[in-house]
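Visitor:
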Amino acid sequence: AQSVAQPEDQVNVAEGNPLTVKCTYSVSGNPYLFWYVQYPNRGLQFLLKYITGDNLVKGSYGFEAEFNKSQTSFHLKKPSALVSDSALYFCAVRDIYNNNDMRFGAGTRLTVKP
Amino acid sequence: DAGITQSPRHKVTETGTPVTLRCHQTENHRYMYWYRQDPGHGLRLIHYSYGVKDTDKGEVSDGYSVSRSKTEDFLLTLESATSSQTSVYFCAISDLSGGTDTQYFGPGTRLTVL
Numbered sequence: 001a002q003s004v005a006q007p008e009d010q011v012n013v014a015e016g017n018p019l020t021v022k023c024t025y026s027v028s029g030n031p032y033l034f035w036y037v038q039y040p041n042r043g044l045q046f047l048l049k050y051i052t053g054d055n056l057v058k059g060s061y062g063f064e065a066e067f068n069k070s071q072t073s074f075h076l077k078k079p080s081a082l083v084s085d086s087a088l089y090f091c092a093v094r095d096i097y098n099n100n101d102m103r104f105g106a107g108t109r110l111t112v113k114p
Numbered sequence: 115d116a117g118i119t120q121s122p123r124h125k126v127t128e129t130g131t132p133v134t135l136r137c138h139q140t141e142n143h144r145y146m147y148w149y150r151q152d153p154g155h156g157l158r159l160i161h162y163s164y165g166v167k168d169t170d171k172g173e174v175s176d177g178y179s180v181s182r183s184k185t186e187d188f189l190l191t192l193e194s195a196t197s198s199q200t201s202v203y204f205c206a207i208s209d210l211s212g213g214t215d216t217q218y219f220g221p222g223t224r225l226t227v228l
């Protein structure tokens, strides 16, 4: 089955510094990868997705993600972190061999300190 | 939250009682999904629907049933709630099938089974 892993439970960065939230994937065939963000007591909000094409995908709120096929990674990045970016981030992959189910990682909690 | 409402938003119930959660959408999307969110597991798919009266099981369907009698409503029922079903439940919708479509999430229902 397709799957993603988020190796870090927690990421801490200082405001204004670049941030990276890591995601690695395991798929058969072409990967369809997604990033979502969850703020406290809210549902998940879509940030960006990779289907095909450019390896650098730009999304909402200044976020971008880099698809790296050789390293099977899809890391989320932002050049300059804001305190308001503090949230729970989920990587997900579409399991095209199992009814297109969405498989989520366990999540990474990002804390941006002033 | 993309024209999706969930009710109730919070519920406390006792073991053995039936519980029904409702998801309502105003987007006229064909596909609807129920997930549960638990720490360390990310989101896991319970059931999904690909049209009125058309539903299928997801990864963690045991103990749950669903119904969809109208495009806009998708109900999740716990026939006899257990403590292991204490979780946060999210509904999601999407317009297309296939690996590339994006799912949009509702605000969630926090269920506690005592």
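Line order of the protein sequences matches chains A and B.
Okay, so the first sequence: first residue is 1 according to the working numbering, each after it adds one.
Okay, so the second sequence: first residue is 115 according to the working numbering, each after it adds one.
Just so it is clear, CB atoms sit at the ideal spot from N, CA and C, and this is done for glycine as well.
#1: Which class does A:Tyr61 belong to by DSSP, given the choice of helix, strand or coil?
#2: Tell me whether the beta-carbon of B:Phe204 lies closer than 8 Å to the beta-carbon of A:Gly105.
#3: So, helix, strand or coil for B:Gln199, using DSSP?
#4: In the structure shown, what three-state DSSP assignment does A:Ser84 receive?
#5: Can you pull the chain B neighbours of A:Ala5, defined as C-beta to C-beta under 7 Å?
#6: Since A:Gln38 is in the beta strand (DSSP E), which residue starts that stretch and which ends it?
#7: Verify whether the separation of the beta carbon atoms of A:Gln6 and A:Gly107 is less than 8 Å.
#8: Is there a Cβ of chain A sitting closer than 8 Å to that of B:Leu189, yes or no?
#9: If you reduce the DSSP assignment to three classes, tell me which class B:Thr185 lands in.
#10: Could you have a look at B:Leu157 and say whether DSSP puts it in helix, strand or coil?
#11: Nearest CA to the CA of B:Leu135: which residue from B:Ser197, B:Asp209, B:Asp187?
#12: Taking beta-carbon pairs under 7 Å, can you tell me which members of the region 121-133 of chain B lie near chain A?
#13: Check for me: the beta strand (DSSP E) holding A:Lys77 runs from which residue to which?
#14: When DSSP builds the beta bridges, which residues end up paired with B:Gln217?
#15: For A:Leu47, does the three-state DSSP call read helix, strand or coil?
Guide: Taking the geometry as given:
#1: helix
#2: no
#3: helix
#4: helix
#5: In chain order: nothing, as chain B lies at least about 10 Å away.
#6: 33-38
#7: yes
#8: no
#9: coil
#10: strand
#11: B:Asp187
#12: none
#13: 73-78
#14: Bridge partners of B:Gln217: none, in fact.
#15: strand
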